[in-house]
Amino acid sequence: MKRTWTIIGVDDVPASFEWYQSLLGLPATTPGHSDFGQVLDLDGTVLLCLHKWGVEDHPSLMSADDAEPGNGLLLFLRVDDFDKTLARARSLVSRLQEEPRMNPNTGSMEFSVRDPDGYYVTISSLDAA
Amino acid sequence: MSCLLSTRASARFEVGADSLVQLAPLICVADVPSSGAWYCQLLGCTSGHGGDDYERLLAGGRLILQLHRWDVEHEHGRLGDPDLHPHGNGVLLWFELDDFDAAVRRASELKVQTLKERRLSENGNWEYWLRDPDGYTVVLTSPLR
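Protein sequences, first through last, are from chains V and L.
Going by the working numbering, the first sequence opens with residue 517, and the numbers climb by one from there.
Going by the working numbering, the second sequence opens with residue 473, and the numbers climb by one from there.
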């Protein structure tokens, strides 16, 4: 295994790109294309790829109307600045999907939000896991 | 396909084991042990948890994918509706493999549902698109250049 990527279909790549960079406290950049962008960690690791719905004939990326986007998917992000990420999240969304709490299975603090397209995003503290 | 394989940034880096942010997607499946075995056979990854409700799949010591049974709420409430198809609309699980050709053979042995046959992309990498047992879209690719 060399590398894994998770790619999600979104309605507005630049807007979602900005949303994820804001959530994760990453420097603001613009996506490489209007219909595709890679959200990168500070060391250049690809964290998440955003692909506009329906621009190519890719199965599962055709339309948000085919089924609820992300049904069955949880984007699980572990961060080393949990409290700051929580503060940024509160400024991005009107309410959290799950308030911060200790997950006894991981032993880590976590909270969850919905991204602009409705994908379920869980932020977990990297420290204790 | 060119947009998916824009390698400007990614080609410089290996997996982000030392990153300050790490993403490990979790998908809901009908049968955790069966799906776990399927991914392990396809990708050559290993079980990091085991059990009927939840699985952590590891490659090179790194968490690459989590499996969660649809009908177990655990700590997250219900994560989706198993009766709503297709599962994972909008989601591509993309795996870049050193042993791409062998993985395609393993996929054949698993009798997977092929979405796009093995082919050379315009970016010079080989790809093979398939569905996992629950209908999620999986892409195997040879190393990107």
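Ideal placement from N, C-alpha and C gives every residue a C-beta, glycine not left out.
Tyr511/L: first and last residue of the uninterrupted alpha helix (DSSP H) it sits in:
For the purposes of this step, residue 511/L is identified with residue 39 of the second sequence, where counting begins at 1. For Tyr511/L, the uninterrupted alpha helix (DSSP H) run begins and ends at 504-515, by DSSP.
Mind listing the chain L neighbours of Asp596/V? Cutoff is C-beta to C-beta under 7 Å, in chain order.
Against the first sequence, residue 596/V aligns to sequence position 80. Those within 7 Å of Asp596/V in chain L are Leu492.
Just the chain L side, please: which residues come within less than 8 Å of Glu534/V by C-beta, in chain order?
Sequence index remark: in the first sequence, residue 534/V carries index 18 (1-based). Simply none; closest approach about 16 Å.
Starting from Gly532/L, follow its DSSP beta bridges and name the residues at the other end.
For this step, residue 532/L is matched to residue 60 along the second sequence. Residue pairing for Gly532/L: DSSP places it in no beta bridge.
Selection of the stretch 498-522 of chain L by Cβ proximity to chain V, strictly under 9 Å
Within the stretch 498-522 of chain L, the residues whose Cβ lies closer than 9 Å to some Cβ of chain V are Leu498, Ile499, Cys500, Val501, Leu515, Gly516, Cys517, listed in chain order.
By Cβ distance, which residues of its chain are closer than 6 Å to Val487/L, with the 5 residues on each side in sequence left out?
Position 15 of the second sequence, counting from 1, holds the residue named residue 487/L. Confidence at Val487/L is low in this model, with a pLDDT of 36, below 50, so its placement is unreliable and no value can be given for it.
What residue ranges within the stretch 545-608 of chain L form continuous alpha helix (DSSP H) runs of no fewer than 4 residues, ordered along the chain?
For the stretch 545-608 of chain L, whole alpha helix (DSSP H) runs of length 4 or above, ordered along the chain, are 572-581.
Exposed unless 16 or more other CB atoms sit within 10 angstroms - verdict on Pro543/V:
In the first sequence, counting from the first residue as 1, residue 543/V sits at position 27. Pro543/V counts as exposed, since fewer than 16 other C-beta atoms from the protein chains shown sit within 10 angstroms of its C-beta.
Quick one: Cα of Asp524/L to Cα of Asp555/L, how far?
Your numbering for residue 524/L matches position 52 in the second sequence. Your numbering for residue 555/L matches position 83 in the second sequence. Computed Cα separation, rounded: 20 Å.
Any C-beta of chain L under 7 Å from that of Met618/V
As a working note, residue 618/V is residue 102 in the first sequence. No, its Cβ sits nowhere closer than 7 Å to a Cβ of chain L.
8 Å Cβ cut-off: residues of chain L touching Asp582/V:
On the first sequence, residue 582/V is found 66 positions in, with the first residue counted as 1. For Asp582/V, the chain L residues whose Cβ falls inside 8 Å of its Cβ are Pro558, Asn561, in order along the chain.
To which residues does DSSP link Met618/V through a beta bridge?
Taking the first residue of the first sequence as position 1, residue 618/V is located at position 102. The partner list for Met618/V (beta bridge, DSSP) reads Met625/V.
CB contact flag (Val501/L, Leu537/L, <7 Å)
On the second sequence, position 29 is the one that residue 501/L refers to. On the second sequence, position 65 is the one that residue 537/L refers to. In this structure, Leu537/L does not lie closer than 7 Å to Val501/L by Cβ.
On the three-state DSSP scale, how would you describe Thr601/V?
Position 85 of the first sequence holds residue 601/V. In the structure shown, the three-state DSSP call for Thr601/V is helix.
Relative to the C-alpha of Arg590/L, which residue among Val610/L, Pro605/L, Asp606/L is closest?
Taking the first residue of the second sequence as position 1, residue 590/L is located at position 118. For Arg590/L, the closest of Val610/L, Pro605/L, Asp606/L by C-alpha to C-alpha distance is Val610/L.
If you draw a straight line from the C-alpha of Leu608/V to the C-alpha of Leu602/V, how long is it?
Within the first sequence, numbered from 1, the residue matching residue 608/V stands at position 92. Within the first sequence, numbered from 1, the residue matching residue 602/V stands at position 86. Taking the straight line joining both Cα atoms gives about 10 Å.
Which residues, taken in chain order from the stretch 584-613 of chain V, show a beta carbon closer than 7 Å to some beta carbon of chain L?
Contact annotation: in the stretch 584-613 of chain V, residues whose CB is within less than 7 Å of a CB in chain L are Glu584, Pro585, Gly586, Asn587, Gly588, Leu589, Leu590, Leu591, Phe592, Leu593, Arg594, Val595, Asp596.
CA-CA distance, Ala531/L and Phe598/V?
The residue given as residue 531/L occupies position 59 in the second sequence. The residue given as residue 598/V occupies position 82 in the first sequence. Straight across, the Cα-Cα distance linking Ala531/L with Phe598/V is about 25 Å.
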